[in-house]
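Engineer: Numbering (numbering that gives the first Met the number 0), first residue to last: 0 to 237. Can you keep this structure in mind? I'll have questions shortly.
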Amino acid sequence: MWGTPGAAERSIRPYRSSQQYLCAMKEDLAEWLKELYDLDIEAGTFLEVLETGAVLCSHANHVAHAAAEFARACPAAARRLRLPAAGVACNLAAQPGTFQARDNVSNFIQWCRKEMGIKDVLMFETEDLVLRKNEKNFVLCLLELARRAARFGMRAPTLVQMEEEIEEELRQELHLPPTDTPLPRPPREPRDLQNLDQMVGWGGDGGVETAGRGWWGWGGWGWWGWWRWGWWGWERWG
């Protein structure tokens, strides 16, 4: 008998609304940030904890430090990656709703674009966080930053780890060649479930199929369809 699935395992269940997926992503990111920085944060307080930009900028500086260490330890691998060359200025004393908080968030956004090369389609605007105008864009930007930072050794949220593991398992099952020369990977966290088939099949009667990179077919729950995880979240296809 397996234990109750965590936020990331629950997030790949066939939820009926994008809001449910968004809540699952926030839960996973909150758990990840809590473990990284010993923060008092959960899905319900996710935006409140991050709205001053202080945690975001501190995280950016942590990523930049990890990138510098990776470049020193693995120079050949580092040359194949886009690594941040600088950190970001931050006012750690900024209060919610102040100009200083907006400035922190703006600095983080510019750092993501300039140093991490995150495309505009994956970015958010200051008001999306400060005024809660587009929570989804903010969450997806954090996930994309986590994906990129994981390439040079930063610990990733469980969702990002699962994406990579599912793609690798599908690649092996379909006997596809690697997309690139493997880079050193950070250690993975243990799972509640034994393998990915059980992970993606939690609560349903189907396994997993593929229709190309990032696409999985789900069976069970009284319906059938293709679902894709991308920058917009999970999307049903067909």
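We put the CB at the ideal spot given by N, CA and C, even for glycine.
Do you know how far the Cα of residue 43 is from the Cα of residue 162?
Structural biologist: Taking the sequence shown and counting its residues from 1, one reaches residue 162 at position 163. Taking the sequence shown and counting its residues from 1, one reaches residue 43 at position 44. Roughly 24 Å between the two C-alpha positions.
Engineer: With a threshold of 16 other CB atoms inside 10 Å of the CB of residue 107, please say whether the residue is buried or exposed.
Structural biologist: Reading the sequence shown from its first residue, position 108 is the one you call residue 107. Per the 10 Å Cβ criterion, buried.
Engineer: Hey, residue 56 and residue 103: beta-carbon distance below 8 Å or not?
Structural biologist: Taking the first residue of the sequence shown as position 1, residue 56 is located at position 57. Taking the first residue of the sequence shown as position 1, residue 103 is located at position 104. Yes.
Engineer: May I ask which residues mark the beginning and end of the alpha helix (DSSP H) holding residue 94?
Structural biologist: Within the sequence shown, residue 94 is the residue found at index 95, counting from 1. Here residue 94 belongs to no alpha helix (DSSP H), and DSSP marks it neither H nor E.
Engineer: Would you mind sorting residue 143 into buried or exposed? The rule is 16 or more other CB atoms within 10 Å of its CB.
Structural biologist: Indexing the sequence shown from 1 puts residue 143 at position 144. Its Cβ being crowded by 16 or more others within 10 Å, residue 143 is buried.
Engineer: With 16 as the cutoff for other CB atoms within 10 Å, does residue 98 come out buried or exposed?
Structural biologist: By one-based count along the sequence shown, residue 98 stands at place 99. Its Cβ having fewer than 16 others within 10 Å, residue 98 is exposed.
Engineer: Report yes or no: do three or more beta-carbon pairs, one from the region 72 to 88 and one from the region 117 to 130, lie closer than 8 Å?
Structural biologist: no
Engineer: Ordered along the chain, which non-local residues of its own chain (more than five positions away) have a Cβ less than 7 Å from that of residue 187?
Structural biologist: Here residue 187 refers to the residue found at position 188 when the sequence shown is read from its first residue. In this prediction, residue 187 scores a pLDDT of 44, lower than 50, which makes its location untrustworthy; no coordinate-derived value is stated.
Engineer: Please go through the same chain and pick out, in chain order, the residues whose beta-carbon is closer than 7 Å to the beta-carbon of residue 95, but skip the five residues on each side of it.
Structural biologist: Working through the sequence shown from its first residue, we reach residue 95 at position 96. Correct list, in chain order: 50 and 51.
Engineer: Quick one: residues in its chain with C-beta nearer than 6 Å to the C-beta of residue 45, no 5 flanking neighbours on either side, listed in chain order?
Structural biologist: Your numbering for residue 45 matches position 46 in the sequence shown. If we look at residue 45 and ignore the five residues flanking it on each side, its Cβ neighbours are 25 and 29.
Engineer: Find out if the Cβ-Cβ distance for the pair residue 121, residue 139 is shorter than 8 Å.
Structural biologist: The count along the sequence shown starts at 1 and reaches residue 121 at position 122. The count along the sequence shown starts at 1 and reaches residue 139 at position 140. In this structure, residue 139 lies closer than 8 Å to residue 121 by Cβ.
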